[in-house]
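I have placed the structure first, in the form of structure tokens, so that the comments after it can refer back to it.
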Amino acid sequence: MIDRRSLLRAAAAGTASLAAAQFGGPAMAASGLNLGASAPFSFDTLKARVRDMARQPYSAEKPSKPDVLWSIDYDAHGKIRYKTDLALFAEGPGRFPVTFFHLGRYFQKPVRMHVVQGGDAREILYDDSYFDMPADSPAHGLPKNSGFAGFRFQEPRDGKLDWRKNDWVAFLGASYFRAIGELAQYGLSARGITINTVVYNVPEEFPDFTHIWFETPAAGSDTVTIYALMDGPSVVGAYRFVMRRATAVIMDIDVSLVLRQDVVRLGLAPMTSMFWYSETAKATMVDWRPEVHDSDGLAMWSGTGEHIWRPLNNPRTIQVSAFADQAPRGFGLLQRDRNFDHYLDGVYYDRRPSLWVEPKGDWGRGTVQLVENPTDDEIHDNINAMWVPAEPATAGKTFDLSYRLHWSADEPYPSPLARCVATRLGNGGQPGLDRPRGVRKFLLEFIGGPLKDLPAGTLPEPVLTASRGTFSYVRTEAVPNDVPGHWRAQFDLTTTGNEPIELRCYLRNGDQVLSETWLYQYHPVY
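Quick note: to get our numbering, add 1292 to the position in the sequence shown (first position is 1).
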């Protein structure tokens, strides 16, 4: 498991290093980057390599000097900075220089970096002289060409920000990667794949991006293209990322996978985030801040066109929810609450990006799966969302898919209907009377869409379903804040037992649907 604290610190630390060098053997060598021998490279040859590797047993490259890597702990790793004078593409072509992360205790597996030009690739050979580090840093004990831990793309050389101190994409640890959204803040992560996440008696597997190839961009290009080789005991994969730094960060991803072994839960286009607590539920005095989360809900746009919002939970035990679909139009973990006063924290949870997966082509039948793990702190990534195909993931099977990732402030294709902006829970019953045991009150806030155009005197109707229990005290009312189209629905739920309850609600006026569909998994407390 990747340590969230280390990942956040490494990916968000000020960039004190990147090197400049135009590709072309002698020019790059003269700039201080040592290159290996030239070899032909293309995405087709990478996919052929994946097919060949899948027929062979898994064999991971062993880190050099494990004792040295272990001694590069959290503090020691934070003192190692890549030299900006040695950034790849620092003088072009293209607008975005590349810097590299150093290996350490939490990132021990070497990643081999290559630069590609004209169909030929050459490895960028590691040397500790590329990094600023204290004289007594244990990192000096690593041999040459030990490899790198990861990389990041810096902001454009011709932009408003100092590219040496600001980056917008980072790949670090296993197959984890992240990008800032349009609010210029890192938050949740994406992953190349998930293997057996939360499967009883089967350990989760974390395949690695073992090799990266940087395509030399055209002069002045606004996009960057990289290729990645994934390798693990159960899977081999070829990835192509075409990434664009626009208002949001856009990634077009092509994937070709071959399974070495059977996989119980194969997660495609996965993402991982942190949800500790929100306004919905918070233990008394657990923390001084009103809310702490990178994402507050899972949004889905189904193949039938339904827009769904599922607020996240921090459950008492691990929960896996599966939402069946065919040819999904998109899904993502979103941060909808953008009010700083709801967080009051200098790490800017209100600016964390939302991440949306837009499938290309028909992904067939499967489920969007949401994994919620219990956590008692913000340092753990405890939320996972992924697409799990319906077809069995058996040894020898291939999976080819394409999709687009949107790292943005909101989902890229929002519903024209009203959206749910708050989920609140309280004791059931009526004020001034004894509160009955086993009754929970829910209050949902919806805003926008057709709610703004309701005729005067019209009350939207909440349409409710529950996997068990009975509803009472059901009503809707306009929120008294003079915001057009801002309504709330409330209801009491009477239940027995401790098993989770699946709830569903949307608003309508006659035959007209007014809102997206709210889903919630309620965990009774007695």
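C-beta: ideal position from N, C-alpha, C; glycine also. For clarity, every value in this text was computed on a predicted model and none was experimentally measured.
Check	Outcome
Can you say whether residue 1427 is buried or exposed, counting buried as having 16 or more other CB atoms within 10 angstroms of its CB?	exposed
Would you call residue 1306 buried or exposed, if buried means 16 or more other Cβ atoms sit within 10 Å of its Cβ?	Because the pLDDT of residue 1306 is 39, which lies under 50, any placement of that residue in the model is unreliable, and the number read from its coordinates should be weighed accordingly. Residue 1306 should be labelled exposed.
Using a Cβ-Cβ cut-off of 6 Å (strictly less than) and excluding sequence neighbours within five positions of residue 1543, which residues of its own chain qualify?	1533, 1535, 1697
Pick out whichever of 1739, 1499, 1633, 1546 has its Cα sitting closest to the Cα of residue 1653.	1546
Smallest Cα separation from residue 1345: which of 1528, 1760, 1658?	1528
Which word fits residue 1577, buried or exposed, when buried means at least 16 other C-beta atoms lie within 10 angstroms of its C-beta?	exposed
Sorted by chain position, which residues of the same chain lie with C-beta nearer than 8 Å to residue 1768's C-beta, five sequence neighbours on each side aside?	1751, 1752, 1753, 1754, 1779, 1780, 1781, 1782, 1799
Can you have a look at residue 1444 and say buried or exposed, based on whether 16 or more other CB atoms are within 10 angstroms of its CB?	buried
Who are residue 1404's beta bridge partners in DSSP?	1503
Could you check if residue 1602 is buried or exposed, using at least 16 other CB atoms within 10 Å of its CB as the buried criterion?	buried
Looking at residue 1472: is its Cβ nearer than 8 Å to the Cβ of residue 1325?	no
Do you know how far the Cα of residue 1362 is from the Cα of residue 1396?	6 Å
From the DSSP output, which residues share a beta bridge with residue 1759?	Bridge partners of residue 1759: none, in fact.
For residue 1648, which beta-bridge partners are listed by DSSP?	1624, 1698
So, with DSSP's three-state summary, where would you put residue 1690?	strand
Given residue 1741, which residues of its chain have a CB within under 8 Å of its CB, disregarding the five upstream and five downstream residues?	1707, 1708, 1709, 1710, 1711, 1777, 1806, 1807
Using the DSSP secondary-structure output, state which residues sit across from residue 1664 in a beta bridge.	1611, 1675
For residue 1691 versus residue 1660, is the C-beta spacing smaller than 8 Å?	no
Are the CB atoms of residue 1531 and residue 1484 nearer to each other than 8 Å?	yes
In this structure, how does DSSP classify residue 1828 when only helix, strand and coil are distinguished?	Past the edges of the chain, shown from 1293 to 1818, lies residue 1828, and the structure says nothing about it.
Out of 1327, 1538, 1384, 1408, point me to the one whose CA is closest to residue 1333's CA.	1408
Excluding the 5 residues preceding and the 5 following residue 1406 in the sequence, name in chain order all residues of the same chain whose CB lies nearer than 6 Å to its CB.	1413, 1415, 1505
Leaving out five residues on either side along the sequence, give the residues of the same chain with a beta carbon under 7 Å from the beta carbon of residue 1689.	1551
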